[in-house]
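>
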Ligand code: FES
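Numbering (this note's numbering), first residue to last: 4 to 680.
Put into structure tokens, the structure is as follows:
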């Protein structure tokens with residue numbers, strides 16, 4: 004039994020005996036306790052702060068006396084004088100063991116700290132970034148022992164940080180000598196090592212001790228919007244978030260129209276590649292301004308995107324994704340230089356990591372959703388739908404995870420809808436219809452007031468009421484069904500059949516009038532029969548994709564439904580269920596995961612372990628190709644009805660009463676043909 008003092012670290016609980024005089028940082032390293040350091044124990048960075056505890060600790064079986072740690076030395080005093088140490092804190096690299104001691108490592112001193120994600124589902128991220136800052140002191144050149152500055156830098160890294168195998172690009176080599184001399188042979192380097200890299204790569208160098216931070220961008224490259232999070236690589240904190248419309252929209256509203264553009268226009272793929280790279284560069288510049296940092300401090304970028312965006316970002320012509328067997332050029336994750344993607348707005352040596360694609364139409368964004376939502380760790384059978392112009396669907400639990408994508412088209416984003424528009428101020432985003440009066444009331448983006456509120460007109464005077472966005476049209480169709488204005492087959496009734504003059508004749512069909520702004524020069528907003536059809540097609544494609552996976556899993560019900568994607572966050576679960584967009588589950592089992600793909604990108608940016616994890620998960624995911632599945636069509640047709648032609652919806656029927664109306668003159672209430680005469 005050692006007679007050396009016992010050092011106990013919390014929260015890890017790791018303990019060991021160390022000779023008197025051992026710095027706490029050394030003890031931590033030898034026990035494998037997560038205690039950060041950038042300056043290598045020179046009392047400069049203060050990343051090694053610890054909180055010693057004194058007194059009786061029956062739990063640990065020790066008594067800690069007041070002199071269990073060495074007195075403050077001049078380095079600590081100097082640091083405290085210049086920068087100030089929080090009360091009760093010591094520098095772990097300076098404080099040495101003198102007696103039995105209990106030492107707490109505060110979260111901000113941990114490299115692999117736990118980051119609690121503030122989203123619907125609590126989940127922790129263990130920080131393990133690929134790029135770290137290291138402070139080293141390099142031997143000055145000696146004529147007696149000729150050696151290169153870079154070789155002596157590598158020696159210093161080996162001795163001071165036990166780091167071997169360091170490489171540096173030429174632009175670093177060119178700056179090295181000046182930087183070393185400006186720092187008087189003290190230098191801080193940003194060193195990158197991915198989870199599959201054999202060697203370390205120097206991304207940046209700073210003279211002396213670099214007080215600044217290094218950052219990464221987590222980018223969800225969608226076909227409609229590009230969303231980015233600027234994250235501090237030290238603690239995973241989001242410093243700024245921003246987004247832009249994907250400029251490729253001018254080449255086609257949805258994925259397949261962009262693939263066709265590339266097919267029809269030689270060089271069309273390059274045009275779309277250039278357009279999106281330019282947009283990402285300007286997004287990086289604007290988010291750096293928003294985060295009040297220099298863009299060169301951004302040393303890493305993680306991309307998640309669907310397969311077509313993936314290929315166009317990489318400069319790969321996506322035409323193969325437009326025809327069976329929808330072969331990807333590559334499906335594995337990619338780690339490359341940002342320069343290779345013309346990302347010149349960020350650090351010149353920045354690294355890019357792109358998550359793996361799951362299948363021809365199930366991309367790195369679905370992988371990111373899986374990383375964020377972890378269906379492979381769920382006891383319950385969870386269905387995750389990421390609704391976009393191309394819906395990506397995951398179904399799984401601990402036993403296995405299935406994935407497919409379904410061509411829902413842009414109707415859920417307001418495209419192909421007569422009064423449709425993107426989610427912008429003035430767009431109707433919420434809607435209710437009184438089942439008795441059949442009168443609608445609604446909310447528009449930019450105001451929290453309902454349209455029947457006396458202050459509504461004034462509150463919306465600036466934006467006006469301009470159209471209906473995705474979440475608004477979903478609620479409108481569902482509310483029309485609930486109010487008996489729409490029958491199960493999606494037919495809008497006439498004014499006589501529905502009892503409201505708002506059901507207007509329109510050619511051989513009818514439309515429902517929501518808002519008439521013509522008196523004040525505004526638009527007249529209706530839901531037409533064509534709009535209903537567009538939503539029926541979109542929701543049937545989504546439902547059919549989910550049904551296919553349920554068939555494959557051999558189940559008729561799921562335990563939980565997660566609505567992912569920026570759009571998913573705005574969908575009302577009750578209305579989605581009335582529409583039959585998702586299978587029947589108890590309403591409290593439908594959750595929104597917000598931008599789960601974006602969160603997955605942040606997790607991958609913050610942790611190389613997560614990168615390895617998602618590669619393994621994706622390899623194990625079973626891909627179902629909806630385009631070649633014979634039962635897709637059958638499920639699609641059955642899902643046309645609202646909520647569904649055949650599948651039972653007991654949970655839904657338990658919370659709403661769907662009027663048994665039938666507006667098809669030729670058929671009876673049950674859709675059977677009426678006999679003539
Ligand atoms: S390691 Fe830098 S101050 Fe302790």
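Backbone N, C-alpha and C fix where the C-beta goes; we use that ideal spot for every residue, glycine too.
Do you know whose CA, among 140, 130, 135 and 37, lies nearest residue 240's CA?
That would be 130, whose Cα lies nearest to the Cα of residue 240.
> Which of helix, strand or coil does DSSP assign to residue 120?
Its pLDDT being 43, under 50, residue 120 is placed unreliably by the model, and the measurement read from it follows with that caveat. Three-state result, residue 120: coil.
> In or out: residue 147 buried (at least 16 other Cβ within 10 Å) or exposed?
Exposed.
> Excluding sequence positions up to five away, which residues of its chain have a Cβ less than 6 Å from the Cβ of residue 187?
Nothing listed; no residue qualifies.
> Kindly give me the distance between the Cβ atoms of residue 30 and residue 100, rounded to whole angstroms, as I take these residues to be in contact under 8 Å.
With a Cβ gap of about 6 Å, residue 30 and residue 100 count as contacting.
> Considering only heavy atoms of ligand 1, does any lie closer than 6 Å to the CB of residue 49?
Yes - ligand 1 has a heavy atom lying nearer than 6 Å to the Cβ of residue 49.
> Is there at least one non-hydrogen atom of ligand 1 closer than 6 Å to the beta-carbon of residue 73?
No, the Cβ of residue 73 stays beyond 6 Å of every heavy atom of ligand 1.
> According to DSSP, residue 135 sits in a beta bridge with which residue or residues?
194.
> Determine the DSSP secondary structure at residue 594, reduced to helix, strand or coil.
Residue 594 falls in the strand class under three-state DSSP.
> State the start and end residues of the unbroken beta strand (DSSP E) segment that holds residue 49.
No beta strand (DSSP E) contains residue 49, which DSSP labels as neither H nor E.
> Take the Cβ of residue 173 as the centre, count every other Cβ of all protein chains shown within 10 Å, and call the residue buried at 16 or more, exposed below.
Exposed, by the Cβ-count rule.
> Span of the alpha helix (DSSP H) holding residue 662?
That residue, residue 662, is in no alpha helix (DSSP H); it is neither H nor E in DSSP.
> What does the alpha-carbon distance come out to for the pair residue 121 and residue 630?
Any answer about residue 121 is weak, because its pLDDT of 42 lies below 50 and its placement is not dependable; what the coordinates show is given next. Taking the straight line joining both Cα atoms gives about 37 Å.
> Three-state secondary structure (DSSP) at residue 390?
Residue 390 falls in the coil class under three-state DSSP.
> Do residue 136 and residue 191 count as a contact pair if the criterion is CB distance below 7 Å?
Yes, the Cβ-Cβ distance between residue 191 and residue 136 is below 7 Å.
> Given the structure, does residue 472 come close to ligand 1, in the sense that its CB is under 6 Å from one of the ligand's heavy atoms?
No, the Cβ of residue 472 stays beyond 6 Å of every heavy atom of ligand 1.
> So what's residue 515 in DSSP terms, helix, strand or just coil?
Three-state DSSP puts residue 515 in a strand.
> If we ignore side chains and look at the alpha-carbon of each, how far apart do residue 439 and residue 280 end up?
Approximately 53 Å, taken between the alpha carbons.
> I think residue 407 touches residue 548, with their Cβ atoms under 8 Å apart; what is that distance to the nearest whole Å?
Contact flag correct, Cβ pair sits at about 5 Å.
> May I ask you to check if the CB of residue 46 is nearer than 6 Å to at least one heavy atom of ligand 1?
It does: the Cβ of residue 46 is within 6 Å (strictly closer) of some heavy atom of ligand 1.
> Hey, quick one: how far does the beta strand (DSSP E) through residue 432 stretch, first residue to last?
Note, residue 432: beta strand (DSSP E), 430–436.
> Our contact map puts residue 311 next to residue 226 with C-beta atoms below 8 Å; I'd like the distance itself, whole angstroms only.
Sure, about 7 Å apart at Cβ, within 8 Å.
> Applying the 10 Å Cβ sphere with the 16-neighbour rule, what's the burial state of residue 204?
That one is buried.
> Rounded to the nearest angstrom, what separates residue 160 and residue 139 at their Cα positions?
Their backbone Cα atoms lie some 7 Å apart in a straight line.
> Taking only runs of the beta strand (DSSP E) that begin and end inside the stretch 323–394, which ones reach a length of at least 3 residues, in chain order?
Complete beta strand (DSSP E) runs here, min 3: 337–340, 354–357 and 385–389.
> Using the DSSP secondary-structure output, state which residues sit across from residue 218 in a beta bridge.
BP columns for residue 218 point to 235 and 301.
> Under the three-state reduction of DSSP, which class applies to residue 229: helix, strand or coil?
Strand, per DSSP.
> Who are the Cβ neighbours of residue 429 in its own chain at under 8 Å, not counting the five residues just before and after it?
Only 447, 448, 449, 463, 466, 467, 468, 469 and 470 meet the Cβ criterion.
> Hey, could you find the ends of the beta strand (DSSP E) residue 246 is sitting in?
Here the beta strand (DSSP E) through residue 246 covers 241–248.
> Within the same chain, show all residues whose beta-carbon is closer than 6 Å to that of residue 6, passing over the 5 residues directly before and after it, in chain order.
Once the five neighbours on either side are set aside, residue 6 has no close Cβ partner at all.
> Following the continuous beta strand (DSSP E) through residue 285, name the residue where it begins and the one where it ends.
Looking at the DSSP string, residue 285 is not in any beta strand (DSSP E); the run it does join, the alpha helix (DSSP H), is 271–293.
> Would you call residue 455 buried or exposed, if buried means 16 or more other Cβ atoms sit within 10 Å of its Cβ?
Counting Cβ neighbours within 10 Å, residue 455 comes out exposed, since fewer than 16 surround it.
> Name the one or two DSSP bridge partners that residue 66 has.
According to DSSP, residue 66 bridges with 59.
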